[in-house]
Ligand SMILES: Cc1ncc(C[n+]2csc(CCOP(=O)(O)OP(=O)(O)O)c2C)c(N)n1
Ligand SMILES: Cc1ncc(C[n+]2csc(CCOP(=O)(O)OP(=O)(O)O)c2C)c(N)n1
Ligand SMILES: [Mg+2]
Ligand SMILES: [Mg+2]
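Chains as they are written, first to last, in our numbering: chain A, 24 to 349; chain B, 24 to 349; chain C, 136 to 501; chain D, 136 to 501.
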């Protein structure tokens, strides 16, 4: 196992896939000569040249659409958004085109494209730079949404995403780019899309946590362990397809569930998964499913407010206490 | 009580508010000289002139933003989208600006604007013209979302929306515009935002249904009544703020709930409300909450496929049967 | 004395303004080419084929309208009638593997790029035998194997996609060019600006063509967009052209020269073709925004009639031959109607098909 | 013999290209005005006040940078240093109730429109006493009572909003005009195109100003946008201007004339002001995309130094007086730092405040 930063794992994935398939290329703001706003694409320009590593203007709608068109013609674009907050400008291409073209042409074209970039908050960046969009895209048929939490997952899943024959939204986190972790050195390491991973086994409560929130859940679990509460943590890794099976299996053991996600509450991942759990495992639940997510307010700039806003281990522990009636 | 079409009720609301407040104006594609693509604004140009009823180019992002700016300066724009499918192009103005400006400027400006137009499907219009966006907008803090099902609600709520001091997303339905219903003749008829209405009282099961789906639920309830199943129907009318209290009260009586909404399943209204119900009324539920919504595929054009795609009374009855273990 | 404040007016006023009896024209047609087909490098057979195509598009749509009115199918139906010279002149000017993408007014484009009348009509009827398996309907005709990438329903949404085809062609170095057609209404979408900038900056071999038919739904061009549309190219230093779209030879001549330039030099082009939509925007349009006189004036320039006359005038075909063509097409279209009518609807399972090229995944299929 | 296929290149190549030792310049500065302040209708006091303002902006940001490096606050910090002539010349040219909106590089604009150094610094520190109550931070300075509507973080997102102000001003007939400032990077956003078209079509009294500082983050202007930016106006038949933004008098002269025209005739204007960003894009920018030589060349045109020199050359102020101004400002800024440091953070309840002007509603506050 090599120890890599999250960004390095991503870069390896892109690099390997570019090496493997000439039709894979990268485009986005500052991805080439600047080496990436967050250095995910560092070195790729030098290695692959100006044809395959392309700096774009700040034209999210336009370059997303150019990506969609290129994908329809058989290329495999990796389109980087500097953050998914800016991808809102490209929503028409993602929601009205990439996800629908194949169906409405009766299968005559497909859109094998990866839209990737940082999702959700990254510290004190204010209301317009802090929103988690994974749940929103998961709402729309035809899109796969991936939001990994660790370098190993990131590498294996990004390689899958690039090879996937349909549109994938691949979400990262500015705050996790520097995170180090062991990454498989297996040649051509692939993690299939749609498989959750039990990252901590436990008997007392199931915690489902994605992306950055996985690390919060982990902290909470460590503290809970000291208190004699043995939490099982499931990282879905893929938001959609969502691996409900793994979650239900765990709940049949623990009978309690807390979902931690980084979206606002209304219609976020937690509500979807919570709904499905009550429907599929009603008789196994000893307590209602609880969620820990952002409050229904915009991200504030001020540090203490921001800290209050972002879910933390304390919030997770409180929710666990609630489902355990502690 | 006057009997009005849905579109007439909407027009009355706009007309009365324009009459009452000089700062209220309407803009959108074909709203003026064409009298509205669906005739909601019929006659308003003649009555209020070119200054206050304004035809726009097909520039959803641009005119939504012009609306936001005008609202910040104290006007009260009613911005019509020909359908909410096209508002996806304006998502940046709605999600990144209208909903956030006030918070991020520390309360120094507000955005009293109404974005309105038809939502969801309207028959065989294909994948890009058939999506329900109410749940999506409800996800974002700062936006109120209204999706009424009957002319009376439409009138009272649209007047409230126009007077509201913040951004409101007001959703209608091409297929309901011709629907007739009794509308209060009360002078200055206002329905407060965020209040659900029990539209059918019943003992056996609670059906929560919004917008066009309310009428499906009603059909289902009528058939169920013949079978001796007495359904209570709650029309939330407002998607956000969501009146959970009224729903929970009903469930404490019926112990069973089916939610019918027109969104795709992942993170739609049904999952949010279903999640909240299990959390708030866990001990009152005799069966898991079930949902009836669109499948997780795009809207097909072909008539039989479209009919299969759209929820119908049969689907609702099946879900009721499931929660009643019939 | 205080001046009486004039009431603000935002959008330019349309027909309500008093025009003193002059016919209010939404677009002015540039003159047609004076060249004969041979000078343009077209054989007699070519122009006969062009007429054949235009007549097919016309009759196909007239029948489609009838079927719509008979309730044979639902949804939108946007007719291309009046604009057939553009699709036809263009396709004859392009190579067969050059890419074409257009908006929802797409029947003409589909037919001229090889969708059979049967496949087209069946698509309108929502049948499994339709070109898009009944999934798309009127707005989403496509035949991607013939490089016709389809019709799209979000105004302006397919513009960057057309740019993407050009990107891919340049990337692949395959010598193909891309052409992207859209209405005057789409000119006002931000996507156009972003795509033009990138196309010029990146030298993408794409022809962006505005089919300016005078109206965006009920709004005359000059009420929704400022200035002359083709002049938008100026801001980007992009090559541009303006020409008559009611004459297939004019379209052919210009598109041929443009395609050559674009292919040779890997550059984009911005083109305004003036034309006129004879029918309402869709089937439910009362058309109060234009005068009968205007419509009549343009009907005098009918592209199908014009081509027919050309065949006769130039003695390329005799009336009898033309009659034979027309009859054959008439039969083909009627047969297509029959085919569509008798074709099966998609099976229920089809609802879940065609979403994914790779592993299909339907969330909560319950 | 087959020609070797050349590898496709899309985006123009930046510094990697060999420039033969010439200084690679991202923008060329037009000449400054030759007029003296009196000819422009400015009094001695006015130009002293202009210097005062520019110096305040400069020192405020230099201290802010220090405080950021000391860890006093987090988030982004985009410095306006080098561009102060634009904010200053503009505000002196406008009426006090004309509207201003800008992007995230907004400190200078806030200060010149009446945000005190204290309120500004406290906002950076995220304190309750900040101009936006600590909710906005560096990117969202605002003082709406002074018609400064704030800084915005979505590139290009505030362009239609600026148009909306103009719409409202025209609607209300209040004689105010709106001005909207954004970077060269924002020029590539579709929102600009949509807004320019509507502004010209609807005759909105708005000045759209590109502060072309040579770079959009690490991308030189000519690598992200084609042609000359101010020429984009051509496509819309819109009036436009291009001038030097390193000299406050030049900015004043031009903006004054433009504002008069816009106010008088209710028309939009598209303006490119050339300037230069002295610092990195934000605080974490290694700046490898430009040469030291380029930066040095522009630093020779420093707008603050230039104004100081003007005061001395024209004998409007003596060195001693200038020193006194500088000292006062230095003290004000230090006091602002102290104020910010000592101010309280917002109370926890503030998290839920300022979302709504009307009835507040927080979903599932649990
Ligand atoms: C983004 C978007 N906005 C609005 C519509 C509704 N709409 C459909 S066609 C149309 C008019 C388009 O006119 P034009 O581009 O001139 O094409 P034409 O119909 O004349 O061929 C409008 C407003 C849409 N489909 N998409
Ligand atoms: C829509 C959007 N895309 C990308 C970004 C990230 N970003 C922030 S500033 C910037 C560069 C903008 O450059 P310019 O407009 O020239 O302004 P300057 O920084 O030079 O003042 C980018 C790419 C953003 N904030 N918004
Ligand atoms: Mg048109
Ligand atoms: Mg810049």
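We put the CB at the ideal spot given by N, CA and C, even for glycine.
Closer than 8 Å to chain D by CB, residue i
i, result
"residue 294(B)", "no"
"residue 189(B)", "yes"
"residue 331(A)", "yes"
"residue 171(B)", "no"
"residue 89(B)", "yes"
"residue 308(C)", "yes"
"residue 18(A)", "Residue 18(A) is absent from the model: chain A starts at 24 and stops at 349."
Assigned secondary structure, residue i (DSSP; H/G/I helix, E/B strand, else coil)
i, result
"residue 106(B)", "coil"
"residue 244(A)", "helix"
"residue 136(C)", "Bear in mind that the predicted position of residue 136(C) carries a pLDDT of just 44, short of 50, making it unreliable; the figure below should be weighed with that in mind. Residue 136(C) falls in the coil class under three-state DSSP."
"residue 305(A)", "helix"
"residue 51(B)", "strand"
"residue 172(B)", "coil"
"residue 41(A)", "helix"
"residue 65(A)", "coil"
"residue 199(A)", "coil"
"residue 501(D)", "coil"
"residue 221(D)", "helix"
"residue 234(D)", "strand"
Any chain C beta carbon closer than 8 Å to residue i
i, result
"residue 151(B)", "yes"
"residue 136(D)", "Note that residue 136(D) has pLDDT 44, beneath the 50 cutoff, so the model's placement of it is unreliable and the number below is only indicative. Chain C, which has no Cβ nearer than 8 Å to the Cβ of residue 136(D), makes this no."
"residue 208(B)", "no"
"residue 323(A)", "no"
"residue 84(A)", "yes"
Residue-chain proximity (residue i, chain A), Cβ-Cβ < 8 Å
i, result
"residue 257(C)", "no"
"residue 166(D)", "no"
Contact with chain B by residue i, beta-carbon distance below 8 Å
i, result
"residue 300(D)", "yes"
"residue 362(C)", "no"
(request) Decide yes or no for the touch test of the stretch 451–459 of chain C against the stretch 374–385 of chain C: beta carbon pairs closer than 8 Å, at least 3 of them. (result) no
(request) Go through the stretch 262–287 of chain C residue by residue and report every complete run of the beta strand (DSSP E) that reaches 3 residues or more, in order. (result) 283–287
(request) Mind checking the stretch 243–270 of chain A against chain C and listing, in chain order, the residues whose C-beta falls within less than 8 Å of any C-beta there? (result) Residues 263, 264, 265.
(message) Quick check: the stretch 113–127 of chain A against the stretch 124–143 of chain B, are at least 3 beta-carbon pairs closer than 8 Å?
(response) no
(message) Please give me, in chain order, every unbroken run of the alpha helix (DSSP H) with length at least 4 that falls completely inside the stretch 97–167 of chain A.
(response) 124–127, 157–161
(request) Ignoring anything shorter than 4 residues or poking outside the stretch 321–395 of chain D, list the alpha helix (DSSP H) runs there in chain order. (result) 325–337, 356–359
(message) With three or more beta-carbon pairs closer than 8 Å as the criterion, would you say the stretch 46–58 of chain B touches the stretch 282–298 of chain D?
(response) Verdict: no, contact absent.
(message) Which residues of the stretch 100–125 of chain A have a Cβ closer than 9 Å to any Cβ of chain D? Give them in chain order.
(response) 105, 108, 109, 111, 112
(message) Any C-beta of chain B within less than 7 Å: which residues of the stretch 324–335 of chain D qualify?
(response) Residues passing the 7 Å Cβ filter: 325, 326, 329, 330, 332, 333.
(message) Threshold first: 4 residues or longer. Then list the alpha helix (DSSP H) segments lying entirely within the stretch 265–291 of chain B, N to C.
(response) 267–277
(request) Count the CB pairs spanning the stretch 229–241 of chain D and the stretch 312–320 of chain D that are closer than 8 Å, and state whether there are at least three. (result) yes
(message) For a minimum of 4 consecutive residues, which ranges assigned as the alpha helix (DSSP H) are wholly contained in the stretch 410–498 of chain C?
(response) As far as the stretch 410–498 of chain C is concerned, its whole alpha helix (DSSP H) runs of at least 4 residues are 427–434, 438–448, 454–477.
(request) Check each residue of the stretch 345–356 of chain D: if its Cβ is closer than 7 Å to any Cβ of chain C, include it; give the result in chain order. (result) Residues of the stretch 345–356 of chain D with a C-beta atom less than 7 Å from some C-beta of chain C do not occur.
(request) Could you list the residues in the stretch 365–378 of chain C with a C-beta less than 9 Å from some C-beta on chain D, going in chain order? (result) 366, 367, 368, 369, 370, 371, 372, 373
(message) Closer than 8 Å is the cut-off here; do at least three beta carbon pairs connect the stretch 313–326 of chain A with the stretch 316–332 of chain B?
(response) no
(request) Taking 8 Å as the threshold, find out whether the stretch 345–356 of chain D comes into contact with the stretch 343–352 of chain C through three or more Cβ pairs. (result) no
(request) Please name the residues in the stretch 53–76 of chain B whose beta-carbon is closer than 8 Å to at least one beta-carbon of chain C, in chain order. (result) 53, 55, 56, 57, 60, 72, 73, 74
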